[in-house]
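Those protein sequence lines, which keep their order, are chains A and B.
Heads up, the final residue of the first sequence is numbered 431 in numbering that gives the first Met the number 0, and it's a clean run with no missing numbers.
Heads up, the final residue of the second sequence is numbered 431 in numbering that gives the first Met the number 0, and it's a clean run with no missing numbers.
Backbone N, C-alpha and C define an ideal beta-carbon position, used for all residues, glycine too.
Protein chains: 2
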Amino acid sequence: MLKKIETHEARADFLKTLEVRGNMDTGIYAQATRQIVDAVRQEGDAALFRYTKQWDSESLTPANVKVSREETKAAFERLPESLQQAITLAAARIERFHAQQKQKSWMDLKETGEILGQRVTPLEKVGVYVPGGKAAYPSSVLMNVIPAKVAGVKQIVMVTPASKAGTLQDEVLAAAYVAGVDEVYKIGGAQAIAALAFGTETIPKVDKIVGPGNIYVALAKREVFGYVSIDSIAGPSEILIIADESANPTYVAADFLSQAEHDELASAVLITTSKNLAQEVQKEVMRFFEELPRKEILLESLKNYCAIILVEDLEEACQLSNAIAPEHLELAVNAPFEVLTKITNAGAIFLGHYTPEPVGDYMAGPNHVLPTNGTARFFSPLSVDDFIKKSSILSFTKEALMPLADSIIAFAESERLFAHALSVKVRKEGVN
Amino acid sequence: MLKKIETHEARADFLKTLEVRGNMDTGIYAQATRQIVDAVRQEGDAALFRYTKQWDSESLTPANVKVSREETKAAFERLPESLQQAITLAAARIERFHAQQKQKSWMDLKETGEILGQRVTPLEKVGVYVPGGKAAYPSSVLMNVIPAKVAGVKQIVMVTPASKAGTLQDEVLAAAYVAGVDEVYKIGGAQAIAALAFGTETIPKVDKIVGPGNIYVALAKREVFGYVSIDSIAGPSEILIIADESANPTYVAADFLSQAEHDELASAVLITTSKNLAQEVQKEVMRFFEELPRKEILLESLKNYCAIILVEDLEEACQLSNAIAPEHLELAVNAPFEVLTKITNAGAIFLGHYTPEPVGDYMAGPNHVLPTNGTARFFSPLSVDDFIKKSSILSFTKEALMPLADSIIAFAESERLFAHALSVKVRKEGVN
Chain A
0 MLKKIETHEA
10 RADFLKTLEV
20 RGNMDTGIYA
30 QATRQIVDAV
40 RQEGDAALFR
50 YTKQWDSESL
60 TPANVKVSRE
70 ETKAAFERLP
80 ESLQQAITLA
90 AARIERFHAQ
100 QKQKSWMDLK
110 ETGEILGQRV
120 TPLEKVGVYV
130 PGGKAAYPSS
140 VLMNVIPAKV
150 AGVKQIVMVT
160 PASKAGTLQD
170 EVLAAAYVAG
180 VDEVYKIGGA
190 QAIAALAFGT
200 ETIPKVDKIV
210 GPGNIYVALA
220 KREVFGYVSI
230 DSIAGPSEIL
240 IIADESANPT
250 YVAADFLSQA
260 EHDELASAVL
270 ITTSKNLAQE
280 VQKEVMRFFE
290 ELPRKEILLE
300 SLKNYCAIIL
310 VEDLEEACQL
320 SNAIAPEHLE
330 LAVNAPFEVL
340 TKITNAGAIF
350 LGHYTPEPVG
360 DYMAGPNHVL
370 PTNGTARFFS
380 PLSVDDFIKK
390 SSILSFTKEA
400 LMPLADSIIA
410 FAESERLFAH
420 ALSVKVRKEG
430 VN
Chain B
0 MLKKIETHEA
10 RADFLKTLEV
20 RGNMDTGIYA
30 QATRQIVDAV
40 RQEGDAALFR
50 YTKQWDSESL
60 TPANVKVSRE
70 ETKAAFERLP
80 ESLQQAITLA
90 AARIERFHAQ
100 QKQKSWMDLK
110 ETGEILGQRV
120 TPLEKVGVYV
130 PGGKAAYPSS
140 VLMNVIPAKV
150 AGVKQIVMVT
160 PASKAGTLQD
170 EVLAAAYVAG
180 VDEVYKIGGA
190 QAIAALAFGT
200 ETIPKVDKIV
210 GPGNIYVALA
220 KREVFGYVSI
230 DSIAGPSEIL
240 IIADESANPT
250 YVAADFLSQA
260 EHDELASAVL
270 ITTSKNLAQE
280 VQKEVMRFFE
290 ELPRKEILLE
300 SLKNYCAIIL
310 VEDLEEACQL
320 SNAIAPEHLE
330 LAVNAPFEVL
340 TKITNAGAIF
350 LGHYTPEPVG
360 DYMAGPNHVL
370 PTNGTARFFS
380 PLSVDDFIKK
390 SSILSFTKEA
400 LMPLADSIIA
410 FAESERLFAH
420 ALSVKVRKEG
430 VN
C-alpha cells in the first residue's frame with residue numbers, strides 16, 4: 000500500500016503524480032458560480048437569501064442571520080473545560096507569535112528637506128469564510144482571525160453556512176468568541192463571498208476575504224478578486240519528512256499519518272538516508288493504520304500520494320525537498336539547524352524529534368494556513384502582512400527638488416511624456 | 000471640457016464613472032490567450048517561435064533571441080549623456096529606498112528549548128515583462144527589476160517583444176543594463192508569459208512574473224497564476240490632488256495634465272476648498288492643453304475621467320479621497336503632514352507644493368508600480384516584499400512540548416483528527 004522508491008525513474012513518476020494531483024477541471028462549476036455572484040451583486044439580500052434558503056436552511060432571514068456576541072460566548076461556555084483551555088491557550092500563543100510580525104512605518108529624512116517613507120495601515124474591514132459541516136475547524140478560525148486582529152483591522156466579519164436547522168457548531172462559535180470576531184453571519188457558499196465583496200442590505204462590504212472553502216467558494220473568490228483582495232486558493236495538503244538514522248520510526252509514522260488522514264488528496268513523503276528506518280516506518284504505518292479511524296481516506300492517500308524515498312545523503316534529501324517545496328517540512332535528523340540552512344522552499348519547517356507537525360496546527364503560534372502544492376516556491380504563510388497595506392510617502396522642498404529637475408525632464412522627454420516634464424519645468428522656472 | 004462638480008448628485012455620477020472605467024469584456028481575448036498558453040506549455044520552443052515569428056519578427060530563432068550583456072552595455076553607451084546620467088541617478092536612488100524595505104529573519108527563543116521564528120528567503124528566479132513599441136518605458140524596467148535585485152533574487156529574466164526588424168529600443172536595453180538584468184529575450188505577448196511560467200528549451204522557468212502588458216499579457220498572467228506568482232494586474236492610472244488656497248494653480252494644472260496624458264482611460268481629479276483655485280486651475284489646464292502634444296489622448300481623458308470637485312473643508316476632501324483610494328495622491332496644501340494623518344487609502348502620497356507626481360515616476364526612489372483603480376484599499380506599491388517569501392520555523396524539545404501535549408490532543412480530537420492526536424501521544428508516552 001505504501002510505496003518505497005529507490006530508483007530515479009520511480010521517483011520522477013511519483014513527483015509527476017504529486018504535481019498534477021491538485022489539477023481539477025473546474026469548468027462545470029465556473030458558470031454556476033458566476034451566476035450566483037452576479038445575482039447577489041445585482042439583487043443583494045434578495046438573491047443572498049434565496050440561495051441560503053435553498054442550500055443551507057429554510058429558516059434564515061435578514062432578521063435572524065446574525066449571531067450575537069452573547070451567543071458566541073454561550074457557545075464557548077458550553078464546551079468541555081479541556082477544549083476551552085486549549086482554545087484560549089492557542090489563541091494567546093498565536094497572538095504572541097503574530098505580534099512579532101507587525102511592521103512599522105518608517106521615514107528617511109535628509110537635510111535638504113527631502114523626506115521619503117513607507118506608511119503601514121491596516122485594512123479596514125476583513126471577511127473570514129469558515130466552511131460548514133465536518134470541515135468546520137475551530138483552529139482555522141483562530142489562525143485566520145488573529146493575524147487580522149493583530150494587524151489592527153477595525154471590523155472582522157465571519158461567515159459560515161448553517162445546518163438545515165439553522166444552527167452552527169459550538170466549537171466554531173467559541174473560537175470566533177475567543178479570537179474577537181466582530182460579527183458572525185450564517186451564510187455560506189459563493190453567495191456569501193459575493194455578499195462580502197459587494198455588500199448587501201445585511202452584509203457589510205469588506206476589503207479582503209480569507210479562509211478555505213469548497214470549489215464554489217474557491218471559484219467565487221477568484222471571481223471577485225480585484226474588487227476585494229483574497230488569500231491564495233488552498234490546494235491539497237502535504238508533509239515531507241527528512242529523516243536520518245537518528246529518527247524514531249514510531250514518531251515518524253504517526254506524523255506521516257497525521258497528514259495522510261486529512262483527505263484523499265493529502266500527501267505524505269518520507270525522504271531518508273536510512274534503509275533500516277524506511278523499513279521500520281513502513282511497519283509502524285501499517286500497525287497504526289489498523290488502529291485508526293478514517294480508514295477510507297487513509298487508504299486512498301497512502302496508496303496514491305504517499306511514499307518513502309531513499310536517498311544517498313542529506314544533501315540530496317534537501318535538493319529533492321526544495322524541488323517539491325512542501326507545505327510542511329519535518330527535519331527528523333540529528334542536527335536539524337544545519338540541515339535548515341540548505342532548505343530554500345517550505346511553508347513551515349519543524350525541527351528535531353519533538354516538533355511534530357500537529358504542534359503547529361494548533362498550539363505553537365505560527366500560522367497553519369500555508370502555501371500548498373509546491374507554491375512555497377513563491378508564497379508565504381498567512382500573516383499580519385496579509386491584513387495591512389503600504390503607502391509611499393514623498394515630500395520635497397524646492398531645494399531638494401531642483402538638483403533632480405534636469406534628470407526628471409530628460410527621462411520624461413525620452414518617454415515622450417511632455418506634461419510630466421512640464422510639471423517640473425514650471426517649478427524650476429518658479430512660476431508663481 | 001473639464002467638469003467642475005459642485006453638487007452631491009454630480010459627484011456620485013462621476014465616482015460611478017470612475018469605478019467602472021477599468022471594466023472590460025475580456026471574453027473575446029480569453030480563449031485566444033488560453034490556446035497560446037496551452038500550446039507553449041505543451042510544445043515549448045516550437046510554439047513560442049511560431050507565435051513570435053507571426054506577431055513580432057520573422058528573423059527570431061532560438062539562436063538569436065537572447066540579448067548579450069555586451070549588447071545592453073552598448074545600448075547604454077549610445078544614449079545621450081543626459082539620459083545616461085538620469086538612468087544611473089534614478090537607479091541609485093531607487094536602490095537606496097528599496098534597501099530600507101528589506102526584512103530580516105527573526106527568532107524567539109525560550110529557556111524551555113522552544114524556538115519559533117520566521118525565515119525570509121528571496122525568490123530564486125523572476126521574470127520581468129516589458130511591453131514593446133511606444134509603451135516601452137525604461138523607468139518601468141528600473142522599477143520592476145531593482146526591488147528584485149535588492150531582495151536577492153539570483154536570476155532575473157527580462158522578456159520584451161522586438162520590432163519587425165528584430166530590434167529593441169536602446170532606452171530599454173540601457174535600463175536593463177543599469178538595473179542588472181541577467182538575461183534579456185526578444186519575446187513578448189501571451190507566449191512569453193507562458194514560456195516564463197512553464198519553461199521552454201530556450202527560456203528558463205521562473206517563480207514569479209511581474210511587469211505590465213497588453214490585454215493578452217494580462218490574461219496570460221491570470222492563466223498561469225498558481226504555477227507561478229504574479230504581480231497585480233495594472234488597471235488605468237489616476238491622480239487625485241487635494242488643494243487649498245495655498246496651492247499654485249500653474250503647478251496643480253501641470254500635475255493634473257501629467258496624469259491625463261498617460262492614456263484615454265487615465266483620470267485626474269482635483270478636490271479643493273477654494274473656488275478661486277478651481278477657476279484658475281481650469282484656465283491653466285486649457286492654456287497648457289494648447290501647448291502640449293498628445294492632444295487626442297488628453298481630450299478623451301479630460302472629457303471623461305477628469306474633474307474638479309469643490310468641497311467644504313479638508314476633512315471632507317480626505318473622506319472623499321479615502322473612498323476613491325487613488326493610485327497617486329498629491330496634498331497641495333499648507334500643512335500637508337497634518338492632512339496626511341487623515342489619509343488611509345492611497346498608493347503613493349506626494350506632500351506639499353514641490354513634490355510633483357513625476358518626481359515619483361522617475362527619480363525619488365519609491366516604486367512607481369502602484370495599486371490602481373481603487374485597489375489601494377487593500378494593495379501596496381511593488382516592493383522588495385514581492386520578491387521574497389517567508390517560512391515559519393518551529394523547534395521544540397521534549398520539555399517544551401509536554402506542557403502543550405494535552406491541549407493539542409484535546410483540540411485534535413475535537414476536530415476528529417485522530418492521527419494528529421496520535422503523533423503527540425506517542426511522544427508523550429515516550430515510545431522509543
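Interface flag, residue i vs chain B, CB-CB below 8 Å
{"i": "Ser-228 of chain A", "result": "yes"}
{"i": "Tyr-136 of chain A", "result": "yes"}
{"i": "Gln-176 of chain A", "result": "Checking the sequence shown, residue 176 of chain A turns out to be Tyr, not Gln. Not closer than 8 Å to any Cβ of chain B, the Cβ of Tyr-176 of chain A fails to qualify, so no."}
{"i": "Gln-30 of chain A", "result": "no"}
{"i": "Pro-160 of chain A", "result": "no"}
{"i": "Arg-293 of chain A", "result": "yes"}
{"i": "Pro-325 of chain A", "result": "no"}
{"i": "Phe-13 of chain A", "result": "no"}
{"i": "Leu-17 of chain A", "result": "no"}
{"i": "Leu-319 of chain A", "result": "no"}
Partners in chain B for residue i, counting only beta-carbon separations shorter than 9 Å
{"i": "Lys-397 of chain A", "result": "His-352, Tyr-353"}
{"i": "Phe-75 of chain A", "result": "What Phe-75 of chain A touches in chain B: nothing, since even the nearest Cβ is about 13 Å away."}
{"i": "Gly-225 of chain A", "result": "Gly-21, Ser-231, Ile-232, Gly-234, Asn-372, Thr-374"}
Range of the contiguous alpha helix (DSSP H) that encloses residue i
{"i": "Ala-242 of chain B", "result": "Premise fails: Ala-242 of chain B lies in the beta strand (DSSP E), 237–242, not in any alpha helix (DSSP H)."}
{"i": "Asp-384 of chain A", "result": "Element bounds for Asp-384 of chain A: n/a, residue is neither H nor E."}
{"i": "Glu-80 of chain A", "result": "80–98"}
{"i": "Glu-290 of chain A", "result": "274–290"}
{"i": "Pro-137 of chain A", "result": "137–150"}
{"i": "Ala-175 of chain B", "result": "169–178"}
{"i": "Lys-2 of chain A", "result": "Careful: Lys-2 of chain A lies outside any alpha helix (DSSP H), inside the beta strand (DSSP E) at 2–4."}
{"i": "Leu-47 of chain B", "result": "44–54"}
{"i": "Pro-357 of chain B", "result": "356–361"}
Within chain A, the residues that residue i reaches when beta carbons sit closer than 7 Å
{"i": "Ala-345 of chain B", "result": "Ser-390"}
{"i": "Ala-363 of chain B", "result": "Leu-115, Leu-393"}
{"i": "Leu-403 of chain B", "result": "Val-358, Met-362"}
Cβ pair residue i, residue j closer than 8 Å
{"i": "Ala-345 of chain B", "j": "Ala-375 of chain B", "result": "yes"}
{"i": "Thr-159 of chain B", "j": "Val-129 of chain B", "result": "yes"}
{"i": "Val-183 of chain B", "j": "Leu-195 of chain B", "result": "no"}
{"i": "Val-180 of chain A", "j": "Val-152 of chain A", "result": "no"}
{"i": "Ile-348 of chain A", "j": "Ile-308 of chain A", "result": "no"}
{"i": "Tyr-250 of chain B", "j": "Pro-355 of chain B", "result": "yes"}
{"i": "Ala-439 of chain B", "j": "Ile-232 of chain B", "result": "Given a span of 0 to 431 for chain B in the structure shown, any question on residue 439 of chain B remains unanswerable."}
{"i": "Asp-230 of chain B", "j": "Leu-381 of chain B", "result": "yes"}
The beta strand (DSSP E) enclosing residue i, as first and last residue numbers
{"i": "Asp-107 of chain A", "result": "105–108"}
{"i": "Arg-415 of chain A", "result": "First-last for Arg-415 of chain A: undefined, no H or E at that position."}
Chain A contact for residue i (CB, 8 Å cutoff)
{"i": "Val-358 of chain B", "result": "yes"}
{"i": "Arg-33 of chain B", "result": "no"}
{"i": "Gln-100 of chain B", "result": "yes"}
{"i": "Ala-253 of chain B", "result": "yes"}
{"i": "Glu-263 of chain B", "result": "no"}
{"i": "Leu-400 of chain B", "result": "yes"}
{"i": "Phe-287 of chain B", "result": "yes"}
{"i": "Glu-299 of chain B", "result": "no"}
{"i": "Glu-170 of chain B", "result": "yes"}
Neighbour list for residue i in chain A, Cβ cutoff strictly below 8 Å
{"i": "Ala-89 of chain B", "result": "Ser-406, Phe-410"}
{"i": "Pro-146 of chain B", "result": "By Cβ distance, chain A contributes nothing, its closest Cβ being about 12 Å from Pro-146 of chain B, past 8 Å."}
{"i": "Ile-348 of chain B", "result": "Arg-118, Ser-390, Ser-391, Ile-392, Leu-393"}
Proximal chain E residues relative to residue i, where beta-carbon distance stays under 8 Å
{"i": "Ser-257 of chain A", "result": "The structure shown has no chain E; the protein chains it does contain are A and B."}
Short-range partners of chain A found in the segment 193–217 of chain B, where Cβ spacing is below 7 Å: Residues Asp-206, Lys-207.
What are the residues in the segment 408–430 of chain B lying within 7 Å of chain A by C-beta distance? Only Ala-409, Phe-410, Ala-411, Ser-413, Glu-414, Leu-416, Phe-417, Ala-418, His-419, Leu-421, Ser-422, Val-423, Val-425, Arg-426, Val-430 from the segment 408–430 of chain B bring a Cβ to less than 7 Å from some Cβ of chain A.
Identify each residue in the segment 118–131 of chain B for which the Cβ-Cβ distance to at least one residue of chain A is less than 8 Å, and report them in chain order. Listed by position, the residues of the segment 118–131 of chain B near chain A (Cβ gap below 8 Å) are Arg-118, Thr-120, Leu-122, Glu-123.
Name, going along the chain, the residues of the segment 237–250 of chain B whose beta-carbon falls closer than 7 Å to a beta-carbon of chain A. When CB distances to chain A are screened at a threshold of 7 Å, the residues of the segment 237–250 of chain B falling below it are Asn-247, Thr-249, Tyr-250, in chain order.
Positions along the segment 53–84 of chain B whose CB lies within less than 7 Å of some CB in chain A: Within the segment 53–84 of chain B, those residues whose Cβ lies closer than 7 Å to any Cβ of chain A are, in chain order, Ser-81, Leu-82, Gln-84.
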